[in-house]
Amino acid sequence: MISSNIQNIAYLVAAVLFILDLKWMAHPRTAVRGNAIGALAMGIAIVATLLGDPPESWTYILIGVGVGTLIGGISAVRIKMTSMPEMVGLFNGFGGGASILVAGAALIAVYSTVFKGGGSDDMQMLIATVVSGLIGSVTFFGSYVAFG
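Here the UniProt record's numbering is used: the first residue of the sequence shown is 1, the next is one more, and so on.
Printed below as a string of structure tokens:
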């Protein structure tokens, strides 16, 4: 377990690297470097999260990594470059679907406190959770339509 200060510094470094990633991805000459920097930033964020608050069990994390690796590997081999925009839309939809699931889990946690005498902070959390779920659902269904 790492201290919260080190975890926050790692998150800050990852955020700066993500910004550089977006900048470099905008030009074909620097896109490969941008992609590598984005992967590094995501790795830093994941390691900081897992070391900051270690999970009780690594089973579900390893299953998720395995399933994601399998899907990504198969997609990378089978999908033609001409179909890449549709695939990006599909993966974007997966992110929206994940957002819906996270918002649903958070809604269950918030619901148990808000309607049992929780304060205004709990109500703000409820509103933010519902808005997050709505945005995730629009992303999910919009990407599904874009995928075809």
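C-beta: ideal position from N, C-alpha, C; glycine also.
- The segment 28-45 and the segment 74-94 do not touch, with fewer than three beta-carbon pairs separated by less than 8 angstroms.
- Straight through space, the alpha carbons of V67 and G73 are spaced by roughly 10 angstroms.
- Apart from the 5 residues on each side of it in sequence, F140 sits with its Cβ closer than 7 angstroms to the Cβ of G93, G96, G97, I100 in its chain, given in chain order.
- Residue environment for I37: buried (at least 16 other C-beta atoms within 10 angstroms of its C-beta).
- Nearest to F147 by C-alpha distance, out of L22, M84, A26, is M84.
- For V13, the closest C-alpha among the options M42, M25, G133 is that of M42.
- M87 sits away from P54, with the two beta carbons spaced by 8 angstroms or more.
- K80 sits in coil when the DSSP states are folded into three classes, being neither helix nor strand.
- Selection K23, H27, L17, G64 evaluated against A45 yields L17 as nearest (Cα-Cα).
- In the DSSP assignment, G43 falls within the unbroken alpha helix (DSSP H) covering 31-52.
- The three-state secondary structure of W58, taken from DSSP, is coil.
- Nearest to A48 by alpha-carbon distance, out of N5, S112, M125, is N5.
- Separation of W58 and I19 (C-alpha to C-alpha, rounded to the nearest whole angstrom) is 30 angstroms.
- Going by DSSP, I6 is part of the alpha helix (DSSP H) stretching over 4-25.
- Cα atoms of I9 and G52: separation of roughly 12 angstroms, rounded to the nearest angstrom.
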